[in-house]
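To start, the structure itself, in structure tokens.
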Amino acid sequence: MEAILLVVKTGIKNGPPGNGALRRDHRTINASWPKFWQFKSQRERITVKVFVTGGAGYIGSHTLVQLLLAGHDVCVFDNYCNSSPTTLARVRQLTNRDIIAIEGDLRDASLLTRALSDFVPDAVIHFAGLKAVGESNVLPLHYYQNNVSGSMNLL
Numbered sequence: 210m211e212a213i214l215l216v217v218k219t220g221i222k223n224g225p226p227g228n229g230a231l232r233r234d235h236r237t238i239n240a241s242w243p244k245f246w247q248f249k250s251q252r253e254r255i256t257v258k259v260f261v262t263g264g265a266g267y268i269g270s271h272t273l274v275q276l277l278l279a280g281h282d283v284c285v286f287d288n289y290c291n292s293s294p295t296t297l298a299r300v301r302q303l304t305n306r307d308i309i310a311i312e313g314d315l316r317d318a319s320l321l322t323r324a325l326s327d328f329v330p331d332a333v334i335h336f337a338g339l340k341a342v343g344e345s346n347v348l349p350l351h352y353y354q355n356n357v358s359g360s361m362n363l364l
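Written out as structure tokens, the structure reads:
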């Protein structure tokens, strides 16, 4: 199976401060990946519709910025239990792009199914998970329902 190696020049310095060296990230892309992730120039880039669960969280919101700046369309599905809708307003300001935002819980299978069928995504990125270790020991059933049952609903 053929693989393509991408070398991305980043602004993060590698080595001692002040040496001016830039780190290069080496990423291997499998040739069997969908073609919309592979493009040769800005002109050939295809817009992808991406459904992002937990998109108002820290990692999700940073991912949204990159997706929107790359020209993709996004739909955020979040219950805002560890985040805020104001995060999405900030993402809109930073990118000058609109976001479809649905307030909902992954455990609500009918709402999730309706959101997916209305948006018809090309890709799904799942960030809607609870992760606090101490709280997970106190509320294990809640964590199981959200992280396992919610993920199964998404599948």
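Residue numbering for the sequence shown follows the numbering used here, starting at 210 and increasing by one per position.
Ideal placement from N, C-alpha and C gives every residue a C-beta, glycine not left out.
Quick caveat, the model's predicted, so the values are computed rather than measured.
Can you give the Cα-Cα distance for residue i and residue j, rounded to whole angstroms?
{"i": "residue 269", "j": "residue 332", "result": "14 Å"}
{"i": "residue 322", "j": "residue 314", "result": "11 Å"}
{"i": "residue 318", "j": "residue 255", "result": "30 Å"}
{"i": "residue 290", "j": "residue 300", "result": "18 Å"}
{"i": "residue 294", "j": "residue 284", "result": "13 Å"}
{"i": "residue 296", "j": "residue 308", "result": "11 Å"}
{"i": "residue 265", "j": "residue 349", "result": "24 Å"}
{"i": "residue 305", "j": "residue 260", "result": "19 Å"}
{"i": "residue 351", "j": "residue 292", "result": "18 Å"}
{"i": "residue 277", "j": "residue 258", "result": "10 Å"}
{"i": "residue 361", "j": "residue 353", "result": "11 Å"}
{"i": "residue 359", "j": "residue 316", "result": "5 Å"}
{"i": "residue 215", "j": "residue 288", "result": "Reliability fails at residue 215, whose pLDDT of 37 lies under 50, so the model's placement of it is uncertain and the value that follows must be treated cautiously. Taking the straight line from one Cα to the other gives about 36 Å."}
Just curious, the alpha helix (DSSP H) that residue i is in, first and last residue?
{"i": "residue 268", "result": "267-278"}
{"i": "residue 351", "result": "349-353"}
{"i": "residue 336", "result": "No alpha helix (DSSP H) holds residue 336; DSSP gives it neither H nor E."}
{"i": "residue 262", "result": "Careful: residue 262 lies outside any alpha helix (DSSP H), inside the beta strand (DSSP E) at 258-262."}
{"i": "residue 300", "result": "294-304"}
Kindly indicate the opening and closing residues of the beta strand (DSSP E) around residue i.
{"i": "residue 310", "result": "309-312"}
{"i": "residue 357", "result": "Looking at the DSSP string, residue 357 is not in any beta strand (DSSP E), and its letter there is neither H nor E."}
{"i": "residue 287", "result": "282-287"}
Check residue i in the structure and name its three-state DSSP category.
{"i": "residue 341", "result": "coil"}
{"i": "residue 327", "result": "helix"}
{"i": "residue 238", "result": "Because the pLDDT of residue 238 is 43, which lies under 50, any placement of that residue in the model is unreliable, and the question is left without a value."}
{"i": "residue 346", "result": "helix"}
{"i": "residue 364", "result": "coil"}
How close, in whole Å, do the beta carbons of residue i and residue j come, if the pair is a contact with beta carbons under 8 Å?
{"i": "residue 262", "j": "residue 337", "result": "4 Å"}
{"i": "residue 320", "j": "residue 274", "result": "Rounded, the Cβ-Cβ distance is 26 Å, inconsistent with contact."}
{"i": "residue 286", "j": "residue 324", "result": "6 Å"}
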